[in-house]
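Engineer:
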Amino acid sequence: MDDMSSRKSNALDLHIPAPRARPGDKPDFSGWSFPEPGATPKPDIDESAVEMRDFAYGLIRVLDMEGNALGPWTPHISADDLRRGLKNMLLLRAYDERMHRAQRQGKTSFYMQSLGEEAISIAQAMALAPDDMCFPSYRQQGILIARGYPLVDMMHQIYSNARDPMKGRQLPVMYSSKKDGFFTISGNLATQVPQAVGWAMASAYSNDGRIAAAWLGEGSTAEGDFHAAMTFANVYRAPVIINVVNNQWAISSFQGIAGGENTTFAARAVGYGIPPLRVDGNDFLAVYAATQWAAERARANLGPTMIELFSYRAGPHSTSDDPSRYRPADEARQWPLGDPIERLRDHLVSLGEWSEEQHRAAQEEAIETVRAVGREAEKVGVLGPGAAHTRESMFEDVYKDMPWHLREQRDEQGEA
Amino acid sequence: MASMTMIQALNSALDNMMERDPNVLTFGEDVGYFGGVFKVTEHLQKKYGAKRCFDAPINENGIAGVAIGMAAYGLRPVIEIQFADYMYPAYDQLVSEAARLRYRSAGDFTAPLTVRMPYGGGIRGGQTHSQSPEALFTHVAGLKTVIPSTPYDAKGLLISCIEEDDPVIFMEPKRIYNGPFDGFHDRQVSPWSKHAASEVPEGYYKIPLGKANIVREGEAVTVLAYGTMVHVALAAAEEAGIDAEVIDLRTLVPVDNETIEASISKTGRCVIVHEATRTSGYGAELSAMIQERCFYKLEAPIQRVTGYDTPYPHSLEWEYFPTPPRIIKAMRRVMEA
Numbered sequence: 018m019d020d021m022s023s024r025k026s027n028a029l030d031l032h033i034p035a036p037r038a039r040p041g042d043k044p045d046f047s048g049w050s051f052p053e054p055g056a057t058p059k060p061d062i063d064e065s066a067v068e069m070r071d072f073a074y075g076l077i078r079v080l081d082m083e084g085n086a087l088g089p090w091t092p093h094i095s096a097d098d099l100r101r102g103l104k105n106m107l108l109l110r111a112y113d114e115r116m117h118r119a120q121r122q123g124k125t126s127f128y129m130q131s132l133g134e135e136a137i138s139i140a141q142a143m144a145l146a147p148d149d150m151c152f153p154s155y156r157q158q159g160i161l162i163a164r165g166y167p168l169v170d171m172m173h174q175i176y177s178n179a180r181d182p183m184k185g186r187q188l189p190v191m192y193s194s195k196k197d198g199f200f201t202i203s204g205n206l207a208t209q210v211p212q213a214v215g216w217a218m219a220s221a222y223s224n225d226g227r228i229a230a231a232w233l234g235e236g237s238t239a240e241g242d243f244h245a246a247m248t249f250a251n252v253y254r255a256p257v258i259i260n261v262v263n264n265q266w267a268i269s270s271f272q273g274i275a276g277g278e279n280t281t282f283a284a285r286a287v288g289y290g291i292p293p294l295r296v297d298g299n300d301f302l303a304v305y306a307a308t309q310w311a312a313e314r315a316r317a318n319l320g321p322t323m324i325e326l327f328s329y330r331a332g333p334h335s336t337s338d339d340p341s342r343y344r345p346a347d348e349a350r351q352w353p354l355g356d357p358i359e360r361l362r363d364h365l366v367s368l369g370e371w372s373e374e375q376h377r378a379a380q381e382e383a384i385e386t387v388r389a390v391g392r393e394a395e396k397v398g399v400l401g402p403g404a405a406h407t408r409e410s411m412f413e414d415v416y417k418d419m420p421w422h423l424r425e426q427r428d429e430q431g432e433a
Numbered sequence: 051m052a053s054m055t056m057i058q059a060l061n062s063a064l065d066n067m068m069e070r071d072p073n074v075l076t077f078g079e080d081v082g083y084f085g086g087v088f089k090v091t092e093h094l095q096k097k098y099g100a101k102r103c104f105d106a107p108i109n110e111n112g113i114a115g116v117a118i119g120m121a122a123y124g125l126r127p128v129i130e131i132q133f134a135d136y137m138y139p140a141y142d143q144l145v146s147e148a149a150r151l152r153y154r155s156a157g158d159f160t161a162p163l164t165v166r167m168p169y170g171g172g173i174r175g176g177q178t179h180s181q182s183p184e185a186l187f188t189h190v191a192g193l194k195t196v197i198p199s200t201p202y203d204a205k206g207l208l209i210s211c212i213e214e215d216d217p218v219i220f221m222e223p224k225r226i227y228n229g230p231f232d233g234f235h236d237r238q239v240s241p242w243s244k245h246a247a248s249e250v251p252e253g254y255y256k257i258p259l260g261k262a263n264i265v266r267e268g269e270a271v272t273v274l275a276y277g278t279m280v281h282v283a284l285a286a287a288e289e290a291g292i293d294a295e296v297i298d299l300r301t302l303v304p305v306d307n308e309t310i311e312a313s314i315s316k317t318g319r320c321v322i323v324h325e326a327t328r329t330s331g332y333g334a335e336l337s338a339m340i341q342e343r344c345f346y347k348l349e350a351p352i353q354r355v356t357g358y359d360t361p362y363p364h365s366l367e368w369e370y371f372p373t374p375p376r377i378i379k380a381m382r383r384v385m386e387a
């Protein structure tokens with residue numbers, strides 16, 4: 018087939034999507050449109066999916082870049098709660114920063130920050146009820162922080178030390194806490210989305226009042242599991258919120274490779290008959306309001322909502338990644354929708370509920386809290402030679418009761 | 051006691067469990083209104099309502115993933131994969147998720163679900179309705195794999211599976227759904243009603259997982275089999291006039307090592323029979339286990355009678371299917387050694 022002479026004059030050509038800018042180029046966001054804050058109408062929670070088609074292509078924004086809250090999506094949220102949200106975002110950023118550094122110091126094998134996406138996990142956790150079940154991906158550690166899971170236990174897991182709640186079995190960032198409504202994280206992408214749908218169906222089956230929410234990256238929407246989840250969610254009207262975090266990058270592949278070049282990710286919901294919301298993911302108020310809308314809809318037995326959270330992954334994919342090799346070094350700083358922490362800070366300042374001094378103090382407090390907790394966790398131990406957990410513990414929890422073959426392997430290993 | 055086919059016995063197991071436990075529900079492709087393409091879930095929707103027995107989209111990984119979420123919530127879902135051959139799209143959910151929730155969350159989350167799937171050949175089903183993928187599950191830490199061979203066992207084992215707190219793969223030998231099959235495809239198949247194992251109590255009873263059943267006692271050779279092959283092995287033992295001990299494994303993981311070891315220690319000879327392809331099949335595990343534990347008791351090399359390492363051939367299925375003559379040949383070979 019390599020015979021050039023066989024080429025037709027109307028020869029077909031294969032298209033491989035590519036981002037607008039690569040290392041050395043000027044960041045270029047001219048392909049995006051950013052509707053004005055406050056311009057998007059707010060539908061009733063029982064609006065039909067068909068009527069909501071345009072929401073898949075728009076962008077719900079509340080905060081303008083000066084910190085003013087505009088339009089019908091402005092949520093009713095007290096200044097105390099806003100301050101709590103801001104402090105949690107600061108804590109999350111400080112935690113991420115320290116854990117990222119801990120990996121560089123060899124204290125853990127691996128770490129993943131949520132730099133630039135802090136509003137998503139913190140605002141969404143605050144908009145949900147505390148006992149709603151979250152099926153997170155690996156960049157929503159903010160949910161645990163917002164729900165008050167002890168920071169020190171998160172660190173114990175990062176360090177795989179003797180108090181690691183996962184007994185040294187899970188990758189550091191793959192937390193689990195049933196009592197905090199935080200489902201155990203998988204490294205296989207999008208697998209948690211049909212599970213969230215199933216959990217939501219079970220809640221409805223049991224006439225419970227709790228709903229489920231799932232998170233996945235825009236890259237993982239290419240997985241079959243996402244489409245399975247959308248089908249089941251729609252068919253059985255599951256009380257679930259399916260959140261697609263579009264942070265533009267799936268390791269080194271830009272969102273066009275996942276199918277986002279000519280459409281939005283929220284638009285996928287249209288074909289499934291699921292209401293779409295597309296939201297500025299760096300706008301704490303818009304994220305909170307959209308999540309609240311979807312949660313109310315689910316609680317009213319009106320079924321699923323899909324939310325695309327339009328953001329930008331400001332940090333590397335993980336500690337094993339160097340984004341300067343595949344995108345302009347300053348692209349994150351140039352992101353037109355800014356930084357979620359700075360935007361909420363500016364809003365609180367504009368309300369007269371916050372000041373530069375308070376912000377600096379809160380930032381320092383967050384860093385000091387993380388430092389103190391870090392010292393406490395490191396005292397228990399960090400990842401290193403001589404695992405903190407006993408060899409026997411490796412054989413536990415494979416099954417409820419250990420079958421004979423595992424008992425034998427455990428004992429055999431003990432003799433070695 | 052009533053005489054039941056395996057299909058009726060399975061239906062009765064589901065009926066009993068749905069009656070006893072409101073957390074038990076079942077779904078899968080065509081499972082609801084129609085009662086399943088093999089009728090295993092017949093009448094259940096009518097009796098328990100569409101919320102407890104319902105049709106699913108044609109999406110096996112969705113069915114499995116949704117069931118995991120339900121199980122994690124606290125329900126006990128029983129899902130049907132219409133043919134074991136369609137399990138492959140669901141494989142990641144079963145292997146990476148269901149099997150590991152307990153382990154990776156240190157016991158915080160569990161997935162007590164039962165995955166039913168008809169498997170096996172001899173029904174003119176071609177390559178996509180005839181496979182025996184049990185080894186793909188027995189290799190996975192965190193799963194249990196169960197295969198019955200009679201109506202009585204099918205019901206008692208399925209009830210145990212539904213009550214298990216770990217995920218269980220329950221494979222149904224569809225060739226013997228309606229009557230035992232001895233491997234002589236040109237013979238008339240007798241209905242289950244002619245066999246003692248079709249006497250099934252209407253009510254609740256359990257057969258424990260991990261316990262094999264010696265279905266024929268003998269001194270000369272141990273034949274290990276499960277599912278349809280139990281009946282083929284029994285026919286082979288009769289036909290050959292060999293004093294064979296035939297063991298129905300019932301549970302592949304965890305397998306009943308004690309019963310196997312005791313039998314091999316007595317006979318010194320072993321033939322393993324399964325329908326699945328040979329290379330890296332479950333017979334390889336059995337063979338290695340016996341080698342490790344009973345080497346000095348063995349008087350002949352272990353023989354395997356299995357499907358071949360080819361895709362399942364439609365018009366040549368009787369060439370492919372392990373039949374009594376092939377098992378007899380293997381028995382004679384171990385007897386001669």
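Just so you know, the sequences run in chain order A and B. Numbered per this note's numbering, the first sequence spans residues 18 to 433. Numbered per this note's numbering, the second sequence spans residues 51 to 387. All C-beta atoms in this analysis are idealised placements derived from N, C-alpha and C, irrespective of residue type, glycine included. None of the values given here were measured: they were computed from a predicted structure.
Give the range of the beta strand (DSSP E) segment to which B:Tyr169 is assigned.
Structural biologist: Counting from one through the second sequence, the residue named residue 169 of chain B turns up at place 119. Residues 164-169.
Engineer: In terms of alpha-carbon separation, which member of B:Ile297, B:Arg354, B:Glu342 lies closest to B:Val321?
Structural biologist: Against the second sequence, residue 321 of chain B aligns to sequence position 271. The shortest C-alpha separation from B:Val321 is found at B:Arg354.
Engineer: Compute the Euclidean distance between the alpha carbons of A:His173 and A:Leu109, then round it to the nearest angstrom.
Structural biologist: Translated into positions along the first sequence, residue 173 of chain A becomes position 156. Translated into positions along the first sequence, residue 109 of chain A becomes position 92. Cα-Cα distance, rounded: 16 Å.
Engineer: How about A:Pro353 and A:Pro40: do their beta carbons lie closer than 8 Å?
Structural biologist: Here residue 353 of chain A is taken as the residue at index 336 of the first sequence, counted from 1. Here residue 40 of chain A is taken as the residue at index 23 of the first sequence, counted from 1. It is not a contact, given that the beta carbons lie outside the stated cut-off.
Engineer: Rounded to whole angstroms, what is the Cα-Cα separation between B:Arg343 and B:Glu311?
Structural biologist: Position 293 of the second sequence holds residue 343 of chain B. Position 261 of the second sequence holds residue 311 of chain B. Distance between the alpha carbons of B:Arg343 and B:Glu311 is about 7 Å.
Engineer: For a cutoff of 8 Å on Cβ pairs, would you count B:Tyr255 as touching chain A?
Structural biologist: The residue you call residue 255 of chain B lines up with position 205 of the second sequence. So no, B:Tyr255 is outside the interface.
Engineer: Taking only beta-carbon atoms, is B:Gly192 less than 8 Å away from chain A?
Structural biologist: Mapped onto the second sequence, residue 192 of chain B falls at position 142. At least one chain A Cβ lies under 8 Å of B:Gly192.
Engineer: Any Cβ of chain B within less than 8 Å of the Cβ of A:Tyr176?
Structural biologist: Counted from its first residue, the first sequence places residue 176 of chain A at position 159. Taking Cβ atoms only, chain B never reaches closer than 8 Å to A:Tyr176, which makes this a no.
Engineer: Compare the C-beta of B:Asn307 against all C-beta atoms of chain E and say whether one is closer than 8 Å.
Structural biologist: Any reference to chain E falls outside this structure, whose protein chains are A and B.
Engineer: In this structure, does DSSP put B:Arg266 in helix, strand or coil?
Structural biologist: On the second sequence, residue 266 of chain B is found 216 positions in, with the first residue counted as 1. Strand, per DSSP.
Engineer: Three-state secondary structure (DSSP) at A:Phe152?
Structural biologist: Locating residue 152 of chain A in the first sequence gives position 135, where the first residue counts as 1. Note: A:Phe152 maps to strand in three-state DSSP.
Engineer: Check this for me: beta carbons of A:Gln272 and A:Asn263, under 8 Å apart or not?
Structural biologist: One-based indexing of the first sequence puts residue 272 of chain A at position 255. One-based indexing of the first sequence puts residue 263 of chain A at position 246. In this structure, A:Asn263 lies closer than 8 Å to A:Gln272 by Cβ.
Engineer: Determine whether the beta carbon atoms of A:Lys184 and B:Ala156 lie at a separation below 8 Å.
Structural biologist: Here residue 184 of chain A refers to the residue found at position 167 of the first sequence. Here residue 156 of chain B refers to the residue found at position 106 of the second sequence. It is a contact, given that the beta carbons lie within the stated cut-off.
Engineer: Excluding sequence positions up to five away, which residues of its chain have a Cβ less than 7 Å from the Cβ of A:His32?
Structural biologist: If you number the first sequence from 1, residue 32 of chain A lands on position 15. Excluding positions up to five away in sequence, the list is empty.
Engineer: Would B:Val390 count as contacting chain A if we go by Cβ distances under 8 Å?
Structural biologist: Here chain B has residues from 51 to 387 only, and residue 390 of chain B is not among them.
Engineer: Going by DSSP, what residues sit across from A:Trp232 in a beta bridge?
Structural biologist: Stepping through the first sequence from its first residue, residue 232 of chain A is reached at position 215. Answer by DSSP bridge pairing, in chain order: A:Asn260.
Engineer: On a Cα-Cα basis, can you pick out the residue from A:Arg330, A:Lys196, A:Thr208 that is closest to B:Glu147?
Structural biologist: As a first step, residue 147 of chain B must be located in the second sequence, where it is residue number 97. It is A:Thr208 whose Cα lies nearest to the Cα of B:Glu147.
Engineer: Taking the DSSP output, what are the residues bridged to A:Ile77?
Structural biologist: In the first sequence, counting from the first residue as 1, residue 77 of chain A sits at position 60. Partner(s): A:Val296.
Engineer: Does any CB atom of chain A fall closer than 8 Å to the CB of B:Lys101?
Structural biologist: Working through the second sequence from its first residue, we reach residue 101 of chain B at position 51. It does; some Cβ of chain A falls within 8 Å.
Engineer: Residue ranges of each alpha helix (DSSP H) run of no fewer than 4 residues wholly in the segment 85-155 of chain A, ordered along the chain?
Structural biologist: With a minimum length of 4 residues, the continuous alpha helix (DSSP H) runs that stay inside the segment 85-155 of chain A are 96-121, 135-144.
Engineer: Between the C-alpha atoms of B:Met120 and B:Leu348, what's the straight-line distance to the nearest angstrom?
Structural biologist: Against the second sequence, residue 120 of chain B aligns to sequence position 70. Against the second sequence, residue 348 of chain B aligns to sequence position 298. For B:Met120 and B:Leu348, the distance between alpha carbons rounds to 48 Å.
Engineer: Helix, strand or coil for B:His324 per DSSP?
Structural biologist: In the second sequence, residue 324 of chain B corresponds to position 274, counting from 1. Residue state, collapsed to three classes: strand.
Engineer: Quick one, are the C-beta atoms of A:Arg360 and A:Asn299 less than 8 Å apart?
Structural biologist: Indexing the first sequence from 1 puts residue 360 of chain A at position 343. Indexing the first sequence from 1 puts residue 299 of chain A at position 282. It is a contact, given that the beta carbons lie within the stated cut-off.
Engineer: Should A:Ala245 and A:Ala405 be called a contact, given that it needs their Cβ atoms to be closer than 8 Å?
Structural biologist: Here residue 245 of chain A corresponds to residue number 228 of the first sequence, with the count starting at 1. Here residue 405 of chain A corresponds to residue number 388 of the first sequence, with the count starting at 1. Cβ atoms of A:Ala245 and A:Ala405: not closer than 8 Å.
Engineer: Just the chain A side, please: which residues come within less than 8 Å of B:Pro258 by C-beta, in chain order?
Structural biologist: Along the second sequence, read from residue 1 onward, the residue named residue 258 of chain B stands at position 208. Within chain A, no residue comes near B:Pro258; the closest Cβ sits about 12 Å away, beyond 8 Å.
Engineer: Residues of chain B with CB closer than 8 Å to the CB of A:Trp216, please, in chain order.
Structural biologist: Here residue 216 of chain A is taken as the residue at index 199 of the first sequence, counted from 1. Those within 8 Å of A:Trp216 in chain B are Gly119, Met120, Ala122, Tyr123.
Engineer: Under 8 Å between C-beta atoms, does B:Gln143 make it to chain A?
Structural biologist: Mapped onto the second sequence, residue 143 of chain B falls at position 93. With 8 Å as the cut-off, B:Gln143 counts as an interface residue toward chain A.
Engineer: For the segment 204-218 of chain A and the segment 141-161 of chain A, state whether three or more C-beta atom pairs, one from each stretch, are separated by less than 8 Å.
Structural biologist: Touching, yes.
Engineer: Fully enclosed by the segment 283-362 of chain A, which alpha helix (DSSP H) runs are 4 residues long or longer?
Structural biologist: With a minimum length of 4 residues, the continuous alpha helix (DSSP H) runs that stay inside the segment 283-362 of chain A are 284-289, 301-316, 348-351.
Engineer: From the DSSP secondary-structure annotation, give me the bridge partner or partners of B:Cys103.
Structural biologist: To locate residue 103 of chain B, count along the second sequence from 1; it is residue 53. BP columns for B:Cys103 point to B:Thr76.
Engineer: For A:Thr125 and chain B, any beta-carbon pair shorter than 8 Å?
Structural biologist: For the purposes of this step, residue 125 of chain A is identified with residue 108 of the first sequence, where counting begins at 1. No, because no Cβ of chain B sits closer than 8 Å to the Cβ of A:Thr125.
Engineer: Contact check, B:Met279 vs B:Glu325 under 8 Å by CB: the rounded distance?
Structural biologist: The residue you call residue 279 of chain B lines up with position 229 of the second sequence. The residue you call residue 325 of chain B lines up with position 275 of the second sequence. About 6 Å separates the two Cβ atoms, so the contact holds.
Engineer: So the candidates are B:Ala114, B:Glu130, B:Thr356, B:Gly268; which of them puts its Cα closest to the Cα of B:Pro372?
Structural biologist: For the purposes of this step, residue 372 of chain B is taken as residue 322 along the second sequence, with counting starting at 1. With distances taken between Cα atoms, B:Pro372 lies closest to B:Thr356.
Engineer: For B:Pro217 and B:Gly170, which I take to be in contact (beta-carbon distance under 8 Å), what is that distance rounded to the nearest angstrom?
Structural biologist: The residue given as residue 217 of chain B occupies position 167 in the second sequence. The residue given as residue 170 of chain B occupies position 120 in the second sequence. Rounded, the Cβ-Cβ distance is 21 Å, inconsistent with contact.
Engineer: Going by DSSP, what residues sit across from A:Trp266 in a beta bridge?
Structural biologist: Position 249 of the first sequence holds residue 266 of chain A. Answer by DSSP bridge pairing, in chain order: A:Phe271.
Engineer: Quick one: list the residues of chain B neighbouring A:Arg186, beta-carbon separation under 8 Å, in chain order.
Structural biologist: Within the first sequence, numbered from 1, the residue matching residue 186 of chain A stands at position 169. Here the neighbours are Tyr153, Arg154, Ala156.
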